[in-house]
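Notes follow the structure.
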Amino acid sequence: MAPRAQADKLQGNALTEALRDRLQADGSLVQPRMVVVMTADGPRLKIQREPRRQVDKQPAWFTVDDGMTRRTCFVLDVSPGGAKIVTDQVIDVRDRFKLALVPDHPKRQPCEVVWRRGKTYGLKFIP
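Residues 1 to 127, numbered by the UniProt record's numbering, are exactly what the sequence shown covers, in order.
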């Protein structure tokens, strides 16, 4: 197809106007080169997550039904904001219960399930 015929095909709207100007004499299009420059106004901020303490499957217990039902689990890691546990019990995301890290200790930490991967659960401690 002749270069003029190709140029005619590109007439008619604003999107093709830039292409019409880029036709070479042999009818091929000149490929534009794009350079992207990214700048930052200040130093990069490092987002620090809460410190986590990994534990080697420390036994723990959680209670549901106002303490009437007690289930066993293992804590994989714990932080001030939550914990990661593994258990054979089926727990749904958004379920709430109380977690005990020490058996027969009156302190129970209320928590909510925020994610689940198989038998591993991410918990958020509720104040």
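Glycine residues also receive a C-beta, built at the ideal position from the N, C-alpha and C atoms.
Per DSSP, which one or two residues make a beta bridge with Lys-124?
Residue pairing from DSSP places Lys-124 in a beta bridge opposite Gly-82, Glu-112.
How is Thr-16 classed by DSSP in three states: helix, strand or coil?
In this predicted model, Thr-16 has a pLDDT of only 49, less than 50, meaning its place in the structure is not dependable enough to derive any value.
Looking at Phe-74: is its Cβ nearer than 8 Å to the Cβ of Ile-91?
no
Find the nearest neighbour of Lys-107 within the set Ala-60, Val-93, Arg-116, judged by alpha-carbon distance.
Ala-60
In its own chain, which residues sit with a C-beta less than 6 Å from the C-beta of Ala-83, not counting the 5 before and 5 after it?
Val-75, Leu-123
Contact under 8 Å by Cβ, residue 143 with Val-113:
In the structure displayed, the chain extends from 1 to 127; residue 143 sits before or after that span and is not available.
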